[in-house]
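Have a look at the structure below, then the notes.
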DNA sequence: CGCGATTTGTGCACGTCTTCACAAGCGCCT
DNA sequence: AGGCGCTTGTGAAGACGTGCACAAATCGCG
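Residue numbers (the UniProt record's numbering), protein chains in the order written: chain A, 1 to 256; chain B, 1 to 256.
Here you go:
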């Protein structure tokens with residue numbers, strides 16, 4: 001991931017927004033905390049303890065406290081955290097206060113699903129435009145947005161500053177799309193194509209590969225099977241639990 | 001992450017494939033290597049050096065060598081790795097040699113896309129059944145498979161052993177679906193619903209949350225913006241030219 | 001007004017992962 | 001056969017992340 005440079009002046013005079021320089025692992029967990037906090041807020045909770053929030057987010061409470069302490073958190077000892085304040089803090093740190101425009105390239109199977117996914121809007125992301133290279137798909141309307149040809153990307157980007165590009169094309173097209181996104185000034189890319197993208201310095205790429213996730217699960221499945229004894233294939237339902245083996249602490253944040 | 005218990009008997013009676021006990025980080029990268037290797041095989045390469053494979057997979061070459069060394073790799077010094085052999089090794093370790101049946105629950109927007117995703121089949125995963133709780137969706141045919149009601153899950157699982165369950169339902173339904181999957185013997189779950197699942201020991205859960213990925217990107221975008229934009233605190237020694245700062249090594253494996 | 005219950009924030013130790021650097025091994029060329 | 005260049009495999013060091021355990025801080029109550 002992008003390497004974090006130390007700020008030039010270490011003992012900085014306390015600037016109010018206090019550039020965070022958060023550990024990457026912490027950043028990856030903040031959105032999960034945020035989701036849990038919104039759930040709490042919706043159910044009427046005003047404050048929450050680190051223990052409560054930790055279980056709601058599926059992590060260790062010590063880890064959560066350390067994470068929050070990194071962003072100079074406001075919590076009151078003996079009481080807990082103010083849910084509303086904490087939501088504001090995290091949203092501010094993540095930069096979710098400004099609505100970021102997302103351009104989605106590739107409206108195939110997955111692209112359709114992404115275009116219709118409402119989890120984006122609810123977190124401050126607005127899908128600003130859909131693109132595809134296939135003329136047959138151009139003009140189609142998905143969820144109130146019209147698919148444009150990828151060649152129009154520069155024009156659209158000029159009208160409206162695009163913060164994040166999402167690539168949902170076949171692997172063969174992904175690199176070229178990435179280049180075009182970079183060319184119009186996009187510096188953050190979410191890549192669903194199963195391939196490695198090469199981008200210039202300063203551009204962040206995150207990759208999501210569904211097949212990879214399955215293969216990781218497959219490994220654990222395979223390992224569990226070979227531990228329990230032998231059942232090579234089948235793995236028929238109902239293996240009684242061999243009480244001895246303690247695979248614990250599932251529930252993992254994807255990221256990292 | 002699943003905690004790895006040492007097998008009770010260390011010098012275990014020789015299981016032929018030699019239980020690996022790989023570092024989790026290594027496991028997460030193996031699928032990426034595998035994909036790169038398939039690409040190489042398709043383009044006629046018979047051998048590949050660690051350097052070549054590393055760049056194809058977007059990682060450091062030393063890391064790659066260490067990863068491969070963990071699975072007792074077959075490479076020849078001065079030459080490199082035999083592509084075909086390495087593919088076989090990795091597939092064997094990941095347990096991809098046996099076709100694993102996948103049950104997909106929730107055929108909404110995302111579920112449709114997953115059902116039609118061909119990246120699964122190409123890696124040895126076969127979507128064996130589709131389920132949904134909405135009677136309006138039951139009976140629909142997607143990609144040659146008929147959507148069944150979730151209540152039929154036990155019957156289907158009895159006929160055909162399901163290795164992995166994929167949850168693509170709304171968050172509100174996810175926990176119940178997970179419980180039902182666990183009840184029929186599924187021990188590996190891929191969860192796309194934005195919520196924390198609680199499962200018994202021995203069940204592995206991996207979570208993919210598209211909104212979280214965007215929020216992580218948003219953070220980096222936010223940070224980049226606040227670096228170039230305002231010089232932050234009054235640190236007399238201003239940060240030197242932005243050109244100097246080396247944000248390197250983007251292109252990150254999703255996992256961890 | 002002070003005390004105890006509760007919860008945060010964090011120093012410290014430990015485990016995991018990464019990266020460097022280099023010896024050992026292999027093939028090829030002379 | 002011998003040497004040379006190339007590549008793997010790995011020891012060691014350092015960076016990073018995690019979790020324990022406890023002091024500091026705050027509230028409520030007698």
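Just so it is clear, CB atoms sit at the ideal spot from N, CA and C, and this is done for glycine as well.
Looking at the unbroken alpha helix (DSSP H) that takes in residue i, where does it start and where does it end?
i, result
"residue 150/A", "Element bounds for residue 150/A: n/a, residue is neither H nor E."
At a CB-CB cut-off below 7 Å, which residues of chain A make contact with residue i?
i, result
"residue 187/B", "221 and 224"
"residue 182/B", "Those within 7 Å of residue 182/B in chain A number zero; the least Cβ separation is about 10 Å."
Run the CB neighbour count on residue i, radius 10 Å, all protein chains shown included, and call it buried at 16 or more, exposed below.
i, result
"residue 27/B", "buried"
"residue 235/A", "At residue 235/A the pLDDT is 38, less than 50, meaning the model places this residue with poor confidence and gives no usable figure here."
"residue 215/B", "buried"
"residue 162/B", "buried"
"residue 111/A", "buried"
"residue 231/A", "With a pLDDT of 48 at residue 231/A, under the threshold of 50, the modelled position of this residue cannot be trusted, and the question is left open."
"residue 57/B", "buried"
"residue 223/B", "buried"
"residue 143/B", "exposed"
"residue 25/A", "exposed"
"residue 69/B", "exposed"
"residue 179/B", "exposed"
"residue 194/A", "buried"
"residue 207/A", "buried"
"residue 35/B", "buried"
"residue 22/B", "buried"
"residue 316/A", "Residue 316/A cannot be examined here, being either before or after the span of chain A that is shown, 1 to 256."
"residue 191/B", "buried"
"residue 218/B", "buried"
"residue 122/A", "exposed"
"residue 228/B", "exposed"
"residue 159/A", "exposed"
"residue 187/B", "buried"
"residue 151/A", "exposed"
"residue 100/A", "buried"
"residue 148/A", "buried"
"residue 29/B", "buried"
"residue 118/A", "exposed"
"residue 174/A", "buried"
Provide the residue span of the beta strand (DSSP E) that contains residue i, from first to last.
i, result
"residue 130/A", "125-132"
"residue 179/B", "Careful: residue 179/B lies outside any beta strand (DSSP E), inside the alpha helix (DSSP H) at 171-183."
"residue 205/B", "204-207"
"residue 165/B", "164-167"
"residue 191/B", "188-191"
So residue i contacts chain B; which residues on that side make the cut at Cβ distance below 8 Å?
i, result
"residue 60/A", "Going along chain B, no residue has its Cβ under 8 Å from residue 60/A, so there is no contact; the nearest lies around 12 Å."
"residue 163/A", "218 and 221"
"residue 28/A", "212 and 216"
"residue 123/A", "211, 214 and 215"
"residue 120/A", "210, 211 and 214"
Are the Cβ atoms of residue i and residue j separated by less than 8 Å?
i, j, result
"residue 210/A", "residue 168/A", "no"
"residue 189/A", "residue 165/A", "yes"
"residue 129/A", "residue 85/A", "no"
"residue 301/B", "residue 153/B", "Examination of residue 301/B is not possible in this model, given that chain B is present from 1 through 256 alone."
"residue 96/A", "residue 124/A", "yes"
"residue 116/A", "residue 132/A", "no"
"residue 71/A", "residue 31/A", "no"
"residue 74/A", "residue 48/A", "no"
"residue 113/A", "residue 113/B", "yes"
"residue 83/B", "residue 40/B", "yes"
"residue 204/B", "residue 220/A", "yes"
"residue 87/B", "residue 38/B", "yes"
Which residues in chain A have a C-beta closer than 9 Å to the C-beta of residue i? List them in chain order.
i, result
"residue 150/B", "What residue 150/B touches in chain A: nothing, since even the nearest Cβ is about 16 Å away."
"residue 57/B", "196"
Note down, in chain order, every chain A residue with its Cβ under 8 Å from the Cβ of residue i.
i, result
"residue 110/B", "113 and 117"
"residue 96/B", "215 and 218"
Could you work out which residues of chain B lie near residue i, taking near to mean beta carbons separated by less than 7 Å?
i, result
"residue 32/A", "212"
"residue 177/A", "Near residue 177/A there are no residues of chain B at all, since even the closest Cβ is about 15 Å away, more than 7 Å."
"residue 190/A", "213, 214 and 217"
Along chain B, in chain order, which residues have C-beta atoms closer than 9 Å to that of residue i?
i, result
"residue 83/A", "By Cβ distance, chain B contributes nothing, its closest Cβ being about 17 Å from residue 83/A, past 9 Å."
"residue 104/A", "Result: empty, since nearest Cβ-Cβ is about 11 Å, beyond 9 Å."
"residue 65/A", "What residue 65/A touches in chain B: nothing, since even the nearest Cβ is about 18 Å away."
Residue i: beta carbon under 7 Å from a heavy atom of the ligand HEM?
i, result
"residue 112/A", "As for the ligand HEM, it is missing from this structure, which has no ligand bound."
(message) Which complete alpha helix (DSSP H) runs does the segment 39-118 of chain B hold, if anything under 4 residues is left out?
(response) 50-57, 61-70, 83-94 and 109-116
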